[in-house]
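In mature numbering (1 follows the signal peptide of the UniProt record, and there is no 0), the protein residues as written are -23 to -1, 1 to 351.
Scroll down for the structure; my scribbles are underneath it.
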């Protein structure tokens, strides 16, 4: 199945690329792109990692497709890692006019900060809850005029089935996690996001709010639960400095749940549990320094998740990433020092978010991602 999907994707690329040769405007057409990335990881809480001085390995190769012919366009991003391959996004679009665009396919869910609520390779805490850089299958309408930017979207489902954990972004999972069996699927999701950008000498500030509502289908019982999330966000830049802030509330209310305090999700070939209801707060600061050969962005990203469930034993989760991103020619390198507390992927004994904490320590790791882009 995966081989057939990849072949279809490559055939589409070849076909669209050939079509671009006949575009009347030489500035238009379909363009290839992509990257090859390697990764170094050192986990202070893992004895094997400490004994070896960390691990250096192939991370991922990406294939991208972007462009327009007339008012019609396409955007796609497919990724191949050492263990699997998956699509990040892939959609067609039509520019109704200079202000209005319609996107159909696997497109980015409009929730939270319009770009990312993170600067690092590690992403922000909302990513691991399912609310940053998520793409689903549906239709999105984008309107932008005089600083106002409006996104309205409807998504029928996640980009892959709920039993699949090999995916780029976090979605609800069907399967067994730590002895608990989940049968949840995302369906019928509506998103609305409104932002306004004001520009001034030396920079700009974008204010915004987001709302998301959808159903949770239980594939075992046939019943539907629901879910929602709301967020306020700000992204402000001034003379190389950047400040991002976001506050959000979410709730997953699954039908026929064995334990209504938690729910299962999956991402990048793994599955884990999160508190079914809570708040997440982010504050990030960055400074970009331009050089003769490129630029360096220094940053610190902090995220806090506070569970809001009936079980009082559930604990807060926190993640802090201090790092720098170095851009030079076709290369982009991100050097991150990650500290995690009761946080999946960055702690030794707490592979969850917002559940009861094992221990009471901040765990630490270093991650360096080297990328060559073409």
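For every residue, glycine included, the Cβ atom is placed at its ideal position computed from N, Cα and C.
Remember, it's a predicted structure, so these values are computed and weren't measured experimentally.
For residue i, is the classification buried or exposed, using 16 other Cβ atoms within 10 angstroms of its Cβ as the cut-off for buried?
{"i": "residue 326", "result": "exposed"}
{"i": "residue 361", "result": "The shown model of the chain, from -23 to 351, leaves out residue 361, and the question about it has no answer."}
{"i": "residue 351", "result": "exposed"}
{"i": "residue 355", "result": "This structure cannot speak to residue 355, because the chain is shown only from -23 to 351."}
{"i": "residue 34", "result": "exposed"}
{"i": "residue 308", "result": "exposed"}
{"i": "residue 148", "result": "buried"}
{"i": "residue 313", "result": "buried"}
{"i": "residue 168", "result": "buried"}
{"i": "residue 122", "result": "exposed"}
{"i": "residue -19", "result": "In this predicted model, residue -19 has a pLDDT of only 41, less than 50, meaning its place in the structure is not dependable enough to derive any value."}
{"i": "residue 107", "result": "buried"}
{"i": "residue 54", "result": "buried"}
{"i": "residue 278", "result": "buried"}
{"i": "residue 74", "result": "exposed"}
Going by C-alpha to C-alpha distance, which of the options sits closest to residue i?
{"i": "residue 292", "options": "112, 282, 217", "result": "282"}
{"i": "residue 158", "options": "189, 349, 164, 198", "result": "198"}
{"i": "residue 302", "options": "48, 264, 77", "result": "264"}
{"i": "residue 56", "options": "313, 146, 187", "result": "146"}
{"i": "residue 136", "options": "256, 84, 208", "result": "84"}
{"i": "residue 207", "options": "342, 258, 219, 288", "result": "258"}
{"i": "residue 194", "options": "171, 330, 133", "result": "133"}
{"i": "residue 97", "options": "44, 329, 110, 202", "result": "110"}
{"i": "residue 322", "options": "297, 305, 306, 310", "result": "297"}
Can you tell me which of the three DSSP states residue i falls into?
{"i": "residue 95", "result": "coil"}
{"i": "residue 248", "result": "strand"}
{"i": "residue -20", "result": "Legend: pLDDT at residue -20 = 43, less than 50; position of this residue unreliable, value from coordinates given subsequently. Residue -20 falls in the helix class under three-state DSSP."}
{"i": "residue 25", "result": "helix"}
{"i": "residue 291", "result": "coil"}
{"i": "residue 105", "result": "helix"}
{"i": "residue 60", "result": "coil"}
{"i": "residue 201", "result": "strand"}
{"i": "residue 141", "result": "coil"}
{"i": "residue 303", "result": "strand"}
Would you kindly work out how many angstroms separate the C-alpha atoms of residue i and residue j, rounded to a whole number?
{"i": "residue 2", "j": "residue 8", "result": "Confidence is the limiting factor: at residue 2 the pLDDT is only 47, short of 50, which leaves the residue's position unreliable and the question unanswerable from this model."}
{"i": "residue 266", "j": "residue 216", "result": "10 Å"}
{"i": "residue 339", "j": "residue 230", "result": "30 Å"}
{"i": "residue 58", "j": "residue 244", "result": "14 Å"}
{"i": "residue 160", "j": "residue 151", "result": "5 Å"}
{"i": "residue 116", "j": "residue 67", "result": "12 Å"}
{"i": "residue 30", "j": "residue 138", "result": "38 Å"}
{"i": "residue 166", "j": "residue 25", "result": "43 Å"}
{"i": "residue 186", "j": "residue 28", "result": "47 Å"}
{"i": "residue 114", "j": "residue 142", "result": "17 Å"}
{"i": "residue 99", "j": "residue 256", "result": "20 Å"}
{"i": "residue 252", "j": "residue 335", "result": "15 Å"}
{"i": "residue -1", "j": "residue 48", "result": "At residue -1 the pLDDT is 38, less than 50, meaning the model places this residue with poor confidence and gives no usable figure here."}
{"i": "residue 200", "j": "residue 104", "result": "27 Å"}
Would residue i count as contacting chain D if we go by Cβ distances under 8 Å?
{"i": "residue 244", "result": "Within the model displayed, chain D is absent; a lone protein chain is all it includes."}
Contact the region 206 to 215 vs the region 179 to 196: 3+ CB pairs below 8 Å: yes
The region 267 to 281 touching the region 234 to 248, judged by at least three CB pairs closer than 8 Å: no
The region 62 to 74 touching the region 11 to 20, judged by at least three CB pairs closer than 8 Å: no
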